[in-house]
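Heads up, the sequence shown is in the UniProt record's numbering, so the first residue is 1 and it goes up one at a time. We put the CB at the ideal spot given by N, CA and C, even for glycine. Values in this document were obtained by computation on a predicted structure and should not be read as measured data. First up is the structure itself, then whatever we jot down about it.
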Amino acid sequence: MSYGMEQAAMMPMAAPSIAGPSAVAMERRRDTRAATVFTIGKISFDGRSLPCMVRDLSEGGMRIQLPAPPPPGARVLIEMRGLDPRLACIRWAVGHEAGLSFDLRCCPADIFAARASRSGRIARQPRFPLRRDAPLLIDDMPIAATIENISVGGARLVLSEPLANGRQGVLGLTLGDRHGVAGTICWTRDDHCGFRFVQPISSVALAVMLDGAGLD
Numbered sequence: 001m002s003y004g005m006e007q008a009a010m011m012p013m014a015a016p017s018i019a020g021p022s023a024v025a026m027e028r029r030r031d032t033r034a035a036t037v038f039t040i041g042k043i044s045f046d047g048r049s050l051p052c053m054v055r056d057l058s059e060g061g062m063r064i065q066l067p068a069p070p071p072p073g074a075r076v077l078i079e080m081r082g083l084d085p086r087l088a089c090i091r092w093a094v095g096h097e098a099g100l101s102f103d104l105r106c107c108p109a110d111i112f113a114a115r116a117s118r119s120g121r122i123a124r125q126p127r128f129p130l131r132r133d134a135p136l137l138i139d140d141m142p143i144a145a146t147i148e149n150i151s152v153g154g155a156r157l158v159l160s161e162p163l164a165n166g167r168q169g170v171l172g173l174t175l176g177d178r179h180g181v182a183g184t185i186c187w188t189r190d191d192h193c194g195f196r197f198v199q200p201i202s203s204v205a206l207a208v209m210l211d212g213a214g215l216d
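This is the structure we're talking about:
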């Protein structure tokens, strides 16, 4: 399944799940019904920024999934494709899921419509800073590379030698049970390049890796 918002299902649900198990019925009725989203978001709290899966979105908040959600009452900054960084409060957390409410309500229809910026470029997935050496295997030859940032769909690399657009390779990065991530160089600029993954990586595996990197 694609993680882009282009795949969001705008079918109404029985009740907006962002309200949580113990929400007041009046508040549920006041909110418009949630839309199923399934896209990657970025949640920042306690000095950390981690990827999360946005499951449902409504005017008042969203339901997210990540390995270790913040506790109820925690203040967070949340963003996703089409939604600028927005302050929110965790209302409930059960297992790997949490419901949060926005400080300022949003318009889901506008978010889904904002796939292109004023310049006509598609809004991109959230990026996460990660300074880590990872060799890039091109035609069975390793090239020294350093990751500068990463998303579920690709990474920005600093290379020891220039490479042309379209070159395919494997980035020597371990994510969960994946050892090496295949991809294609999609742009180059001096010693920097963009490496687009053939398949999106797991948001859970990425969150675990980023959380561990912050503890180094």
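Hey, I150 and F128 are a contact pair by Cβ (cut 8 Å); roughly how many whole angstroms apart?
-> 6 Å
Neighbour-count burial assignment, C107, 16 or more Cβ in a 10 Å radius | exposed
Burial state of S101 (16 or more Cβ within 10 Å) | buried
Provide the residue span of the beta strand (DSSP E) that contains D103, from first to last.
-> Premise fails: D103 is in no beta strand (DSSP E) and is neither H nor E.
Please determine, among A134, G61, L130, G73, the residue with the shortest C-alpha to C-alpha distance to R105.
-> G61
Given R55, which residues of its chain have a CB within under 8 Å of its CB, disregarding the five upstream and five downstream residues?
-> S17, T36, V37, F38, M62, R63, I64, Q65, E97
Which two residues bound the contiguous beta strand (DSSP E) that contains H96?
-> Segment: none, H96 is in no beta strand (DSSP E) and carries neither H nor E.
Burial state of S58 (16 or more Cβ within 10 Å) = buried
May I ask you to report which of helix, strand or coil DSSP gives I111?
-> helix
Spatial distance of F45 from A93 (CA atoms) = 15 Å
Cβ of C193 less than 8 Å from any chain B Cβ?
-> Annotation note: the requested chain B is absent from the structure, which comprises a single protein chain.
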